[in-house]
Amino acid sequence: MPDANITSEWQRCDLFPNHRPTTEVDIADGGEPVVLDRVGLRQLLDGLHTVGIAAEHFRWPPPDDPDRAPYRGWAPLEEVDAAVFFGRDAQILRGLDVLRGMRSTGVESLFVILGPSGAGKSSFLRAGLLPRLRQDDRQFLPLSIVRPERAVLTANWAWLAASIHTLRRLALDCAHRWWGKSRTLANPEHVERLREWLEEAAKSPSDRLLEVPAEQPAPTLILPVDQAEELFNADAGPEAPRFLELLAALVQRDAGSPRR
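In terms of my numbering, the sequence shown has 1501 at position 256, counting the first letter as 1, and numbering is strictly consecutive.
This is the structure we're talking about:
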């Protein structure tokens, strides 16, 4: 496929038969197989390879864990397992497309991964979306994952402190001291300070990326929350509402419209 048909974000692939060889795909819905253009499917596959989204574009085994087992049992796959996370390319592309649309419009701030228990939502987030978002560091800057459980604020302070420390390159104990003093996060000035830290982190990549236009917006911060249903179940505890209030404060502009 000519390189001219691929841009940094979009590729046009005609998947409908056009008097060329076809491939039948059984989607197991009880109906007739879907008939797709074989050349278009090949173009789509080549495009995936070109943009580095397919699993084979990630290293395996991880350099710092050469004996890592590719099968994790009941544990979800992590970011380092992106090279062995197969079968979700279409969903990953759809998710990335939705997130890019959210970034460009600035209208929506919440992206939800839905599915029944055991369907692989955590693996999809950790080994599917996040490694690819980190590759696109001109547009996205994901923080570390937070897992709510019962103490979403006090038990998991490290994810926030470590993320801010890494992105802002400040002393870890500075963020730690502030976090320890304000576990309720009820004071507006604490939210403003946290917002300033995160906005500073979002602007930092432009200092190390090459050929970034001055008018290009800073990367969009991504705060991944795994098992977010734990914020709403009976065992959520009193910290869950405060955490949700914190998120709401961070994604709202002063005028009330969503922020990126």
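Glycine residues also receive a C-beta, built at the ideal position from the N, C-alpha and C atoms.
Treat the numbers as computed from the prediction; the structure is a model and nothing was measured.
Coil, strand or helix - residue i by DSSP
{"i": "proline 1387", "result": "strand"}
{"i": "glutamine 1380", "result": "helix"}
{"i": "leucine 1260", "result": "coil"}
{"i": "leucine 1398", "result": "coil"}
{"i": "glycine 1373", "result": "helix"}
{"i": "serine 1368", "result": "helix"}
{"i": "proline 1361", "result": "coil"}
{"i": "phenylalanine 1488", "result": "helix"}
{"i": "alanine 1479", "result": "coil"}
{"i": "arginine 1265", "result": "coil"}
{"i": "arginine 1526", "result": "No statement about residue 1526 is possible, as the shown extent of the chain runs from 1246 to 1505 and does not include it."}
For residue i: DSSP bridge partner residues
{"i": "valine 1279", "result": "Val1270"}
{"i": "leucine 1466", "result": "Leu1386"}
{"i": "glutamine 1461", "result": "DSSP lists no partner for glutamine 1461."}
Short Cβ contact (7 Å threshold) for residue i with residue j
{"i": "arginine 1348", "j": "threonine 1465", "result": "yes"}
{"i": "alanine 1320", "j": "alanine 1372", "result": "no"}
{"i": "phenylalanine 1331", "j": "leucine 1322", "result": "no"}
{"i": "glycine 1276", "j": "leucine 1260", "result": "no"}
{"i": "leucine 1375", "j": "glycine 1340", "result": "no"}
{"i": "valine 1343", "j": "glutamate 1484", "result": "no"}
{"i": "serine 1354", "j": "valine 1470", "result": "no"}
{"i": "arginine 1265", "j": "aspartate 1282", "result": "yes"}
{"i": "isoleucine 1467", "j": "proline 1393", "result": "no"}
{"i": "phenylalanine 1369", "j": "arginine 1313", "result": "no"}
{"i": "valine 1436", "j": "alanine 1473", "result": "no"}
{"i": "alanine 1463", "j": "alanine 1479", "result": "no"}
Which whole runs of the alpha helix (DSSP H) in the region 1281 to 1358 are 4 residues long or more, in chain order?
1283 to 1296, 1334 to 1350
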